[in-house]
Amino acid sequence: MNARFFSDDIPHNLGIGDVSISVSVEYDDDTGRKLLFGDGEIFAVKGEKAVPKIQAAALLSPDKGTFRIGIRLSDYVDGHSVRVRWFAYKPTRDTAQLRYKDNIVIRISPDIQKLKPLERVRFMAEVSGTEDKTVTWSVSDPEGGSIDENGLYQAPSVEGTYEVIACSNADGVTRTSAFVLVEE
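In structure tokens form, the structure reads like this:
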């Protein structure tokens, strides 16, 4: 038989670069649904329903973020279609940078500051776990004073407790807070 079939490009949605792709052939036997990875001949047993004689492979295009699936039917296959399942994931070496970002830590000093209304203080952010040491400063309460890109905070004229936030520019997610107690 030796019929070959190929898919169009399939986006794996894991971004540009190397990914690992596993391809399986789905079939049913007397005990239920099965997914076959690799060479089904290994599981062939005399007197039992044959495992489909189908080979499946994936061809990755790392620069495009896509892959193609090819199958070869080595023998007659029951039915009119073959169901192929694929699973894609980033290899460990490519996720090292992502894991590095997972370890981003920000420390703000001072972490708690008492100020009088309209007083100023400079906050400093120490960032570890990434090469990008910059942060974006903000104040959680719109009426809680102001802070510039260099960490210079000015308290509002209204007494209260306000939160100052430093967010890592490396991932835009990691953040930490300091608190300002404004009172006369």
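In our numbering, the protein residues as written are 82 to 265.
Backbone N, C-alpha and C define an ideal beta-carbon position, used for all residues, glycine too.
The structure presented is a predicted model; accordingly, all values stated were derived computationally and were not measured.
| Asked | Found |
| --- | --- |
| Sort Val216, Gly253, Leu199, Gly241 by Cα distance to Ser227 and report the nearest one. | Leu199 |
| In whole angstroms, what separates the C-alpha of Asn250 from that of Thr257? | 12 Å |
| Which two residues bound the contiguous beta strand (DSSP E) that contains Glu257? | It is worth fixing the name first, because residue 257 is Thr in this sequence and not Glu. Element bounds for Thr257: 256-263. |
| In terms of residues, what are the limits of the beta strand (DSSP E) holding Thr242? | 241-249 |
| So, under 8 Å CB-CB, Val202 and Pro237 are touching, yes? Tell me the CB distance rounded to an integer number of Å. | So it is not a contact: roughly 13 Å between Cβ atoms. |
| Helix, strand or coil for Gly113? Go by DSSP, reduced to three states. | strand |
| If the criterion is Cβ atoms closer than 9 Å, does the pair Glu224 and Arg164 meet it? | no |
| What first and last residue would you give for the beta strand (DSSP E) that runs through Ile123? | Segment: none, Ile123 is in no beta strand (DSSP E) and carries neither H nor E. |
| Examine the Cβ distances between the region 143-159 and the region 204-221 and report whether three or more of them are shorter than 8 Å. | no |
| Helix, strand or coil for Glu230? Go by DSSP, reduced to three states. | coil |
| Have a look at Lys182 and Met205 and give me their C-alpha separation to the nearest angstrom. | The predicted position of Lys182 is uncertain, since its pLDDT is 47 and thus under 50; a value taken from the coordinates is nonetheless stated next. Straight-line Cα distance between these residues: approximately 20 Å. |
| With a CB to CB cut of under 7 Å and the five nearest residues on each side skipped, what residues in its chain are close to Asp111? | Lys130 |
| Can you name the start and end residues of the beta strand (DSSP E) that Val163 belongs to? | Val163 -> no beta strand (DSSP E), and no H or E assigned at all. |
| Report the option in Ile152, Val261, Val254, Ser142 whose CA atom is closest to the CA atom of Val100. | Ser142 |
| Can you grab the Cα-Cα spacing for the pair Glu212 / Ala138, in whole Å? | 39 Å |
| According to the neighbour-count rule (16 or more other Cβ atoms, all chains shown, within 10 Å of its Cβ), is Thr242 buried or exposed? | exposed |
| Find the nearest neighbour of Arg149 within the set Ile91, Val208, Ser190, judged by alpha-carbon distance. | Ile91 |
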